[in-house]
DNA sequence: TATTGTTATACTCTATAACTATA
DNA sequence: TATAGTTATAGAGTATAACAATA
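Residue numbers (the numbering used here), protein chains in the order written: chain A, 1 to 162; chain B, 1001 to 1162.
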């Protein structure tokens, strides 16, 4: 791992935070590497996977809702959904109440693909986290939950408002 | 935040791990959003920032060393360094011992830019982590350190060997 | 007028392949 | 023959702008 040289003059209590960010970046890269073969095998991309996950979590979500949640533009999600629909993993149908909107849902096959990928991820991560104290993992969840809340508060859900 | 619906039939101890991944994804997106304006202001991209950070951490590193560390291809790093050199943030000079290799170093201006960006990141994250128990943050660092080690072990440092 | 979804288009990032020069 | 760096090129991924249908 890259050794964190002090990037700040002061070496205050924020050092732990900087270290955490560096670790975060490494875990990110390593996770993407691990996940890549699985996604390739299923024939979908990272963006498509997160689209599937969001459609699955938010039942009956629209394109723009998914876009807001993932923090990407509507055309990006639209393209992802196009491909997922072609692959038979996601269904579109016009909303009855607001005929501009499109309601998204997973097909049975889409649900199976999502489950397989999550299962693969969980296996890899469980392996990587094996033997770690439950209390430490729980503490990480607490930290990330809190950080997520505050970041998404201040972030005001771009990228529309650039 | 996206509610994690049970993606696995079994709801075993791996549930915490799945939750952690979902949180991880959210923190990632939120962090990138936070960081984007700062990087734009400094006139560099995310990839260029990590290149600067790696050059700074690994004193006298070569292009290929940086590429291996970041898990990206040599041409990508080469391009990043090109732009950073044009911007006057990084210097190249041929190694004396192996005249194929290029040794990289930050210019004084490059060091200032790195410090400013880290300072900004640390500020944002410290704000986001404010009030959290020190012990929880420390536990997160332990978890991420362990996970990083095991993931980079099994990952065998692609993307050359695809 | 504002909003949803979509299409058209351009730009950035990244990778593979091919080339040069050293070893 | 292998390695370090570079150049050329192509493919993903994403965003902005413009458009159609609906509210």
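No residue lacks a Cβ here, since even glycine has one placed at the ideal position from N, Cα and C.
(message) So residue 169 of chain A contacts chain B; which residues on that side make the cut at Cβ distance below 7 Å?
(response) No information on residue 169 of chain A is available, as it lies outside the stretch 1 to 162 that chain A covers here.
(request) Within 10 angstroms of the Cβ of residue 93 of chain A, are there 16 or more other Cβ atoms? Answer buried if so, exposed if not. (result) exposed
(request) Return the first residue and the last residue of the alpha helix (DSSP H) that residue 84 of chain A is part of. (result) 74-86
(message) Quick check on the burial criterion: 16 or more other C-beta atoms within 10 angstroms. Buried or exposed for residue 88 of chain A?
(response) exposed
(request) Ignore the nearest five residues each way along the sequence and tell me which others in residue 1155 of chain B's own chain have a CB closer than 6 Å to its CB. (result) For residue 1155 of chain B, the predicted structure reports a pLDDT of 49, less than 50, and the residue's modelled location is therefore unreliable. A value from the coordinates is still provided. Around residue 1155 of chain B: no qualifying Cβ.
(message) Please give the ranges of any alpha helix (DSSP H) in the stretch 14-46 of chain A, keeping only runs that are unbroken, at least 4 residues long and fully inside the region.
(response) 15-42
(request) Would you check if the stretch 73-84 of chain A and the stretch 125-145 of chain A touch, i.e. whether three or more CB-CB distances between them fall below 8 Å? (result) no
(message) Please list the terminal residues of the continuous beta strand (DSSP E) segment that includes residue 95 of chain A.
(response) Unbroken run through residue 95 of chain A: none, as it is neither H nor E.
(request) Return the CA-CA distance between residue 1158 of chain B and residue 1072 of chain B, expressed in angstroms with no decimal places. (result) Residue placement at residue 1158 of chain B cannot be trusted, given a pLDDT of 39 that sits under 50; the coordinates are not used to answer.
(request) May I ask you to list, following chain order, the residues of the stretch 1118-1139 of chain B that have a beta carbon less than 9 Å from some beta carbon of chain A? (result) 1118, 1119, 1121, 1122, 1123, 1124, 1125, 1126, 1127, 1128, 1129, 1130, 1131, 1132, 1133, 1134, 1135, 1136, 1137, 1138 and 1139
(message) So residue 141 of chain A contacts chain B; which residues on that side make the cut at Cβ distance below 8 Å?
(response) 1016, 1019, 1020 and 1023
(request) Have a look at residue 1151 of chain B and residue 1117 of chain B and give me their C-alpha separation to the nearest angstrom. (result) 27 Å
(message) Taking 6 Å as the limit between beta carbons, can you name the residues of its chain near residue 60 of chain A, skipping five residues before and five after?
(response) 103
(message) I need the DSSP call for residue 104 of chain A, collapsed to helix, strand or coil.
(response) strand
(request) State yes or no: is the beta carbon of residue 74 of chain A nearer than 7 Å to at least one beta carbon in chain B? (result) no
(request) Please check the pair residue 1055 of chain B and residue 1090 of chain B, which I expect to be a contact at CB under 8 Å, by giving their CB distance rounded to whole angstroms. (result) 6 Å
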